[in-house]
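Numbering (our numbering), first residue to last: 17 to 188.
Think of the CB as a built atom: it goes at the ideal place given N, C-alpha and C, for glycine as much as any other residue.
Reviewing the structure listed below.
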Ligand SMILES: CC(C)(COP(=O)(O)OP(=O)(O)OC[C@H]1O[C@@H](n2cnc3c(N)ncnc32)[C@H](O)[C@@H]1OP(=O)(O)O)[C@@H](O)C(=O)NCCC(=O)NCCS
């Protein structure tokens, strides 16, 4: 996608609404991002309100990819690790709007998340993704290593269990 801007998001009604739309759409289309379908817009926005409050406290960074005023995708970098893991961060809630997929939005978001992690002296990233319908191939393309798989870890948005795949990547 040409003319894409990646920015750290803070809580405004417009941002919360746009993030809520991405989350509802992703879940409706089978994306494993912790929620079940149907996800109400209110529940989705309430999630982002809590997430952006955590971002305001410095516990996470919520990044957004914009094409003009349109929010095309998002990823969250969780920074709030235990005291014995100050060098680690976790990647969560990577989502691209259906109409913007396969145009490099998620790749650009992950590059920005890795840069943000490096700026905060993080040297290790971890994440998990559903085995069924997740993004394992995408993360492997970015240099993440599969640590292992846990069977029957979570329900898919439309029901039925899926395994989860745990990945890690060292940052230099
Ligand atoms: C996974 C997701 C974020 C990818 O978003 P995207 O913006 O379409 O990804 P990009 O266009 O940046 O893709 C970058 C590369 O990864 C590949 N890729 C994208 N999604 C992939 C997937 N699910 N599996 C394997 N490879 C994938 C693309 O083909 C592209 O490769 P290329 O440059 O060689 O063509 C998007 O499909 C999504 O929102 N899925 C639902 C939510 C989800 O599963 N999130 C991950 C939860 S951990």
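Where the beta strand (DSSP E) containing residue i begins and where it ends
i           : result
residue 171 : 161–171
residue 140 : 140–146
Close-in-space but distant-in-sequence residues of the same chain around residue i (CB under 8 Å, 5 per side omitted)
i          : result
residue 19 : 83, 84
Anticipated Cβ contact below 8 Å, residue i with residue j, distance rounded
i          : j          : result
residue 22 : residue 59 : 26 Å between Cβ atoms; not a contact.
residue 49 : residue 40 : Their Cβ separation, rounded to whole angstroms, is 11 Å, which puts residue 49 and residue 40 out of contact at 8 Å.
residue 33 : residue 61 : 7 Å
Pair within 9 Å by beta-carbon distance, residue i and residue j
i           : j           : result
residue 151 : residue 170 : no
residue 132 : residue 102 : no
Contact set for residue i: own chain, Cβ-Cβ below 7 Å, skip 5 residues either direction
i           : result
residue 91  : 79, 107, 109, 110, 125, 126, 129
residue 114 : 41, 45
Span separating the alpha-carbon of residue i from that of residue j
i           : j           : result
residue 104 : residue 67  : 19 Å
residue 122 : residue 69  : 23 Å
residue 29  : residue 63  : 13 Å
residue 162 : residue 181 : 7 Å
residue 167 : residue 142 : 18 Å
residue 174 : residue 53  : 6 Å
residue 99  : residue 159 : 27 Å
residue 38  : residue 57  : 10 Å
Residue interval of the alpha helix (DSSP H) (run including residue i)
i           : result
residue 186 : Unbroken run through residue 186 is the beta strand (DSSP E), 177–186; no alpha helix (DSSP H).
residue 42  : 29–44
residue 123 : 121–135
residue 89  : It is not in any alpha helix (DSSP H) - residue 89 instead sits in the beta strand (DSSP E) that spans 86–94.
residue 69  : 57–72
Cβ neighbours of residue i in the same chain (closer than 6 Å, five flanking residues each side left out)
i           : result
residue 31  : 25
residue 144 : 180, 182
residue 116 : 88
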